[in-house]
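Notes to accompany the following structure.
In UniProt numbering, the protein residues as written are 1 to 202.
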């Protein structure tokens, strides 16, 4: 961003968080004038897809293979499974929206490799589901967490969901598809159209 500002060029990156869901634009534009105090959500559609399948009784290995067959998993699967992709998105959100200056080493990151079917069943008994949650409050954390089934963040499949808590508006949640080439392509197109409009104004 600093380099783009220095060179007086526009730099758009809405597709880096949420795929086709305009998470960055929503927080920056729809909540402009508000002070966002914290946020938490599901930022990786691949792990959410895997955990959703595990909740139906599918083993971790089978759920992972299914996600791979559908093209959801990164070529380097550790980016998804170890929470690194979600952590990178958390860094982008924290810096862009909260005005922080954090990097990957600042994130306390735990992936989903150690989530077992027993963990899933235990959560279900408590009317909850296990989700990989990225949160920014006093700490920056990515970790599996039990989420109540009636919580707006408890979405399934490749959906992403993020809840922003602001000083005056309370908590607002945005939900949308987070994994897939077409979804990400739509965000790139949105950025290009924004750039075109900005150029037209000058």
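Glycine included, C-beta positions come from ideal geometry on N, C-alpha and C.
- Taking C-beta separations shorter than 8 angstroms and ignoring five residues to either side along the sequence, the partners of residue 116 in its chain run 60, following chain order.
- In this structure residue 159 is in contact with residue 175, their Cβ atoms being roughly 6 angstroms apart against a cut-off of 8 angstroms.
- By the C-beta criterion, the segment 183-202 is judged not to be in contact with the segment 68-85, since fewer than 3 inter-stretch pairs fall below 8 angstroms.
- In this model, residue 43 and residue 167 are separated by some 23 angstroms (Cα to Cα).
- For residue 172, the three-state secondary structure derived from DSSP is strand.
- Between residue 155 and residue 161, the C-beta gap is smaller than 8 angstroms, which places the two residues in contact.
- DSSP places residue 102 outside both helix and strand once states are collapsed to three, so it counts as coil.
- Using a C-beta cut-off of 8 angstroms, the segment 140-153 makes contact with the segment 97-111, since at least three inter-stretch Cβ pairs fall below that distance.
- When the five nearest sequence neighbours on each side are left out, the beta carbons in the same chain lying within less than 8 angstroms of the beta carbon of residue 102 are those of 91, 94, 95 and 140, in order along the chain.
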